Structure formats: C-alpha cells, structure tokens
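Chains as they are written, first to last, in the working numbering: chain A, 1 to 421; chain B, 422 to 842. By construction, the Cβ of each residue, glycine as well, lies at the ideal position given by its N, Cα and C atoms. Computed from a prediction, not measured in an experiment: that's the story for all the values here. Okay, so here's the structure we're looking at.
Number of protein chains: 2
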Amino acid sequence: MREGHLLYAQSGGVTAVINATAAAVIDTCRRRRVRVFAARIGILGALREELIDLAREDRAALAALRHTPGGAFGSCRFKLKSPEVDRAHYERLLAVFAAHDIRHFLYNGGNDSADTSLKIAEFARARGYPLHVIGVPKTVDNDLPITDACPGFGSVAKYTALSILEASYDVASMCESSTKVFVMEVMGRHAGWIAAAAGLAAGGPDDPPHLILFPEIPFDEAAFLARVKATVARVGYCAVVVSEGLRNADGRFLAEAGSVDAFGHTQLGGVGPVVAQLVKSRLGYKFHWAVPDYLQRSARHLASRVDAEQAWAVGRAAVEYALAGHDAVMPVIRRVSNRPFRWTIEPAPLKRIANVEKKLPRSFIRADGFGITAAARRYLEPLIRGEDTPPYDRASGLPKYARLKLALAKKQLAAYSIADK
Amino acid sequence: MREGHLLYAQSGGVTAVINATAAAVIDTCRRRRVRVFAARIGILGALREELIDLAREDRAALAALRHTPGGAFGSCRFKLKSPEVDRAHYERLLAVFAAHDIRHFLYNGGNDSADTSLKIAEFARARGYPLHVIGVPKTVDNDLPITDACPGFGSVAKYTALSILEASYDVASMCESSTKVFVMEVMGRHAGWIAAAAGLAAGGPDDPPHLILFPEIPFDEAAFLARVKATVARVGYCAVVVSEGLRNADGRFLAEAGSVDAFGHTQLGGVGPVVAQLVKSRLGYKFHWAVPDYLQRSARHLASRVDAEQAWAVGRAAVEYALAGHDAVMPVIRRVSNRPFRWTIEPAPLKRIANVEKKLPRSFIRADGFGITAAARRYLEPLIRGEDTPPYDRASGLPKYARLKLALAKKQLAAYSIADK
C-alpha cells in the first residue's frame, strides 16, 4: 500500500451514473494500491469523521456499484462558506484528514462542489497540509463550464427523449377519441439542457415532441396556444415538453404563478399540470400530463453508454491526477470529433469552473423558441448513444443493484457538531 | 390464399405490448395464408370502412411492430350498445365485412371490447353471416376474468416496480438533508393491480416502497401519517406508491376531494401531489412526487419478457381459433405452475368474460392495508420476469420503433356517419 489515503465524497443531487464514477475511483485505487474511504453523506461525513471503510465491502458489491443508481455513500447540499466565515469547518476537515492520513480528496459534484473543493485546496496549501484536491464532475443539469458534458446528463437526456417518444406513440393511437394534448415536465430549473434533449425524439417537423418550453424563453401564452391548436389540427395531437424552470415574461416561474389562486390558496403541482390545464381551459382539449421527477435522474436501467463511460473515465482520471500530484483541478471531457464521436479527459483548473454556469446557447434553440436546432442535435445526440443495461435478476425481474455495508472506520477524534459552528 | 379474410382491431387504452399481439396476428395470418386487414382506430374504422391494407406494409416494419409501443392502427373508446339500440351500426359492420369478405374478426381489448365482440358474434349468427369473432385480451388494468393475467399488465408492473426502486435509491442518498418523503402515483382507477406490483420492489420490510395506498382500502389519514412518521424515523425516508383510484372513507376519489378548495376553485394535479402535500402540511417533511402517467403504460423499452411472450401467444392463438371455427371466445392464459413458471393458452367463452371485472383479492393486500402479501408476490413476480429490450439505433441512441404506411383498402360502400345513428 502507498502512503497517503484517498477520500471520495458525493455532493448535491445524484444521478443515474454517479456511482459509476465512485466505482471507477475505487477500482483505480485498488489497482494503484491506494487505500480509499468514502465520506458518509458528502462533506457532512468528512466533517463528522464518518468515513466509510471500503476495504470492508465485498468486491462483488463494489463492482455492482457501477450500474447502481443514486449516491451509494449518501449526498448532501451543504456549501462551505469562505474560511473567514467557516474557519472551524476547514480546521476540522484538515484534522480529520490528518487523523486518517487522507492526502487525496475527491469531491464529486457540480458548481458548488467545485467551489468547495477549491477552497479546501487553498486552505490546505496555506496550512502546509499535503493534500491533492480533485473536483469530479457530475450533474444532470449539464451546467459545468469547460467540460463538453457533465456525467449524469447523458442518461437523463436519453430517458427524457425516449419517454416522450414512447408516450407519444400512446397518445397518437388514441387521439381521435381521447387525449389530444400531452404535457411532460422535465427537470432543469435554470437551464433548458434536459428540455432540449427531449427534442432528440423528433426525427421530422411533425414528430413529437411538437413543442418544447425552455426556461430561457419567456412563456408567450398566445403563441404557445396557437401552436398547440395548429399542431392538433395538422397532426391530430400535440406532445409538449416543459422545463420546470419555465418563466413568465415578468420573470416569475410559471409553476409558482399557478401555485397560488386569487384567494391565496396554495395549489399543488408543478408547471406540467399548469400548462396542461391552460390548454384545457383555453382550447378545450382533453389532456394528460406526466411529471417523472426523480424517475428521470435515477433511471439507471436506461443509462446512456456514453454517459456511463464518461462517468467512469472522470473517476479514474481523478485518482490518477491526485496520485500524479495535481491539485485543485477537475478532469473534464473534451470532445475531439463528432463523426466519429471521440472524446478525451484532461485536467482543468477548478478556478475556471467554480460557480460558473454553462447556459444553453441561444443557437441551440430554434428561432421560434419552441424546439431545438441542428446544432443542438449535433451536440446532444452522441451523449445518449449506446445502452448500458444493468444485469437483471432472473427471479425478481429487477436489476441487481448494489447494497453496501457502509461500515465506518474507527473514529480518532472527538465528536464535532456542525450546527454549532 | 384462403377464402375469407381477417380483420383485426385495437380497442381502449393501449399498452406497451398490444402491438406484439398485432404482430403475432399478422405473422400467423401470413403463415396460414390468410389475408389480414386492420381497422383504423378500432371499431370506428370498421364502421367507416377504413381498413388498413397490411399487404402494402413492408415486412420489416411489420416485424418491428412486435417491439413498438402504442396501438399501431389507432384505438378508441367506443362501446356499441345492444343491437336493439344501435341496430344500424351492426348492419353496417356486416355490410363492411361482406364487402371485404371478412370472415374473421379479432377485437383486442378489455371487458368492454369482450362485450362488443360477443354482441357482434350473436348478431352475425342471427343474420346467418359466417363470422368467427375472437376477443383478444389486453389491458394494463389486469381486470379481465378467467385469464391468469392480461397482456400489457406485466410490463406496466415491471415499469412500476423498477421506477419506485430506482427513485428510492435516489431519495435514500439525499434524505438526511433533502427529500424525506417521495410519492409516486400509478394508474388503476378501479383496482390496485398496478399499485400492488410496486410492492415487488421491496425485498425486506424496510425496503421501498414503504407504503402502498390501494383503491380497495379506504384512505385512513391518521394511520397513514403515523406510518410515514415512523418510517422516516426508522429508515430515514419514506417511499409511497398511491393508486389514482384511492378513495376516502366516504367513497370519494382523493384526487377529486383535493381538486376543489373551499371556494370551489379547481386545483390541478392528481392524487400523488395531494398525498405529498398532506404529508408536508401535517408532518412538515420535504417531499417530491412523480406522476408517470402514460409513461408507465408505453414503456416498451422496459417490457417484461413474459408479458411480451403472452401478448404474442394470445395473438397467434386468436388467429388459430378463428381458422379452426371457434366463435365468441377469447384466448386466455392459464397458469400451470409457479415453480417453474409455466402457462398455456386456451379458449374461454366471451359470455364469461364480457363486463366481468377481476378485483385485486383482499388476500393480496397486507392486513394493515399498506403493502402486499406473499400470495400477491407469488402471483405477480413471474409476470415481470425477463427483459424484451427493443433494438436500438446506434446513431440516435433510441429504439427503432415501427412506422407504418397505414394505407387504406379501397372503399366499396357509401360513406357512413357514426354520429347520425
């Protein structure tokens, strides 16, 4: 075994393939003879000295991690403030790292986590603690800069495109006497990447989804309703995909706008039912709506192979970078070519990533605002290619997802209360 | 070619595998040298003399039907009343059949369609028109009597069990600092078959889904909330599956109960958001909810192999029965054994099927009303076994679903207006 152990932690909303990254980290550590721990529930576990001892897990369970959804070690949304404000937290982290000889810290998350990783790296350097901090990309929102895509996005993109495709086959068969408008709500509060991915289902101009409502395009009710009406007249039905982040012209989320009635009562439901109800009340069409919610980001059974491969690749690269002495970097995906689709992994400084959001380019949204362009398709399509089906259990008919013991390493330090600091 | 052609029609809500039945009908007709037509939009097409000429379809497209969701020829919810009331419709049907030498009529649907099939068979017999009418089972609701299961149900069952399993992995990873209660609404307004299938995800007592709300069990708010609270305390989170048909003790649908507030305003959303909001307002937990709606019954990518095989088998048997001179029967599935799981197809008289609903037995619901029993698992589990993954297109990353020409045979009769009768 090498000296200096490695600690891996998951952060923020999980994805269908974040555990593939975890599995790659563990596998690479094993090959490189580095002892590896995982923080229980992200950075919270690091602060509490709750380090999962991966040496106690079965090899088979760790291998099954690669195809298991969710975040196997627990994740959290906990953002460290600057060392000036949260000094005790930073001191504690270094104390925990020192107590367990952690010399490599891999933090698997999005923009916030990149910021946290950077701050930890700078604090350790200032203190002279020998630490290699590597941010590892992950987010279904696909909003990290520099990297061509974020592991997790390709799988939710594939789920979204396929779900609207399949549901539209259903609606199309029944539309003469039943549902004429189908609305599917997708995630992406700040950017329309997932909504855009739905557009991959449409091969031709009258193919579903017929209309996509992006958070980047203020909702134009009249234009939308006119399009719905024309589509139903021409095609027989209309399939709509709406981002949860859709806003009115005045910048308010449509889901919120619809959530309180004139008497101040909170209504239930997201923007999907709001849009569907609008169609019903203005145009009279029979409607259905779907809100897959967590189903879309946990659908490991439908993972994109490219996404799963990229998730693995960033995990492996993160370990290699740490062992090679890199610090405050993130392995990012660089697209080398579209035809054939080729990509490589390279390090990028966390400074250029922390707190920077990659927006959906306007050039990816059709001029009319209701669909995607050929440029968007060129970018998106390779990301949902290939399947990475998990092994299924014959008796239960369900995938064999991993169950870990999650046994903690013996604590060396006094208890630490996060709330008190 | 034999004399006497065959007409196949799809009826009611479609399923992920109804086209597998259609493909089996077409394939068997080809092997038996019988010319086969499909009615456009179910019985409506038969009345309008809109008969899709399947001889004009490409062989490859017809083969791809087997793994294509939706109802390829269109479906409708149109119930023929008795010949005393709707006499003109019956006369018209026989006129269309005679004009196109239709001697075999296969109607693929649920209880209502079995009733329609029976009435057509009786009318034809009374008129001396030589016709073999075969009802072909299909419904995600699984509520046809006699048959062990209804083709379409196994696939929605597999989708439901896997979806709540995957989403629960997601919730479990985040529950300390994020969502504590996740509610997924499933179809089944009159019977809890689909809700029960969600229970297949749970291997142990504290596995998700922790609570299932069945339409058969009046909603006991206090007992439910106490269970949610105890589950969150014990497990860290609580995954709930609720049937759209959940009712209050007074028999009202909970979705409706929640849909109008004290001022008479209609609220949006189904029972899923109603239950989630209840948990939030009474217990204060952060929640998410999902309503997969049509996604659950169109998810061909996740079809159960057993379901797809049974869908094919009833289609093939239906043709064989018609050619063998059976009339007013339905090919039903008989379970021969559970271990190993074996089944056969046999004919059952439509008289015993029409308008009869098979309820979820009380013995399938746990005594406390919130889960399934071992008996339910023994029945349900074989139905979701095996995968029947459609072929995927390498470039698009999506399944290659069939697109048919749907060219109509030349009409022989004057136009017929259904609304006028």
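Inside the segment 153–230 of chain A, DSSP marks whole alpha helix (DSSP H) runs of 4 or more residues at positions 153–174 and 193–198, from first to last along the chain. For B/A617, the CB contacts under 8 Å within the same chain, skipping 5 residues up- and downstream, are I633, F635, L781, F785, I786, I793, A797 and L801 in chain order. Of all alpha-carbon atoms in B/R610, B/A519, B/C659 and B/D671, the one lying nearest the alpha-carbon of B/A588 is that of B/C659. Interface with chain B (7 Å Cβ-Cβ cutoff): A/K405 is excluded. Per the C-alpha coordinates, the member of B/K831, B/L825, B/C497 and B/P639 positioned closest to B/A481 is B/L825. Cβ contact annotation for A/A9 (same chain, cutoff 8 Å, sequence separation greater than five): A38, A39, G42, I43, G45, A46, F73, F105, L106, Y107 and N108, in chain order. For A/S337, the number of other beta carbons within 10 angstroms of its own is below 16, and it is reported as exposed. Proximity of B/H521 to chain A, defined by a Cβ-Cβ separation below 7 Å, is not satisfied. Assignment of B/I786 by DSSP, reduced to helix, strand and coil, places it in the strand class.
Contact check for A/T28 against A/R316 passes: the beta carbons are separated by less than 7 Å. In the three-state scheme derived from DSSP, where H, G and I count as helix and E and B as strand, B/E802 is classed as helix.
Judged by DSSP secondary structure, B/P694 falls within the alpha helix (DSSP H) whose first and last residues are V692 to L704. Residue range I439 to R452 is occupied by the alpha helix (DSSP H) that includes B/C450. Scanning chain A for C-beta atoms nearer than 7 Å to the C-beta of B/R648 yields nothing, as the closest lies near 21 Å away.
Contacts with chain B at 7 Å (Cβ-Cβ) include A/Y294. Per DSSP, the continuous alpha helix (DSSP H) segment holding A/Y90 begins and ends at R87 to A99. In this structure, DSSP gives A/E50 a state outside helix and strand, which the three-state scheme calls coil.
Counting only the Cα atoms, B/V457 lies some 26 Å from B/R726.
Under DSSP, B/E808 takes part in a beta bridge, and its partners are B/S725. Residues of chain A with a Cβ closer than 7 Å to the Cβ of B/K540 do not exist, since the nearest Cβ in that chain sits about 19 Å away.
At a cut-off of 7 Å, the C-beta of B/A720 has a neighbouring C-beta in chain A. For A/V271, there are no C-beta contacts with chain B under 7 Å, since the nearest C-beta of that chain is about 10 Å from it.
Residue-level contact check: A/S163 touches chain B, since one or more beta carbons of chain B fall below 7 Å from its beta carbon.
Counting along the chain, the unbroken beta strand (DSSP E) around B/Y429 starts and ends at H426 to Q431. The Cβ-Cβ distance between B/R806 and B/T436 does not fall below 7 Å. Apart from sequence neighbours up to five positions away, the residues of its chain that approach B/V561 with a beta-carbon distance below 6 Å are T436, G573, F574, V577 and R718, ordered along the chain. Using a Cβ-Cβ cut-off of 7 Å, A/D170 counts as an interface residue toward chain B, since at least one Cβ of chain B sits closer than that to its own.
Identification of residues in the segment 363–392 of chain A having a C-beta nearer than 9 Å to some C-beta of chain B yields E381, P382, L383, I384, R385, G386, E387, T389 and Y392, given in sequence order. Taken in chain order, the members of the segment 697–712 of chain B whose beta-carbon sits within less than 7 Å of a beta-carbon on chain A are Q698, H709, W710, A711 and V712. Judged by pairs of C-beta atoms under 8 Å, the segment 159–173 of chain A touches the segment 237–255 of chain A, as three or more such pairs exist. Less than 7 Å divides the Cβ of B/I774 from the Cβ of B/A535. Residues of chain B whose Cβ lies closer than 7 Å to the Cβ of A/I41 are, in chain order, E597.
With a threshold of 7 Å between beta carbons, A/R77 makes contact with chain B. Taking C-alpha positions only, A/G192 is separated from A/G245 by approximately 8 Å.
Excluding residues up to 5 positions away in sequence, A16, P69, S155, V156 and Y159 lie with their Cβ nearer than 8 Å to the Cβ of A/A299 in the same chain. Take A/A409, set aside five residues on each side of it, and the residues of its chain with a beta-carbon closer than 7 Å to its own are F37, L51, D53 and H100, in chain order.
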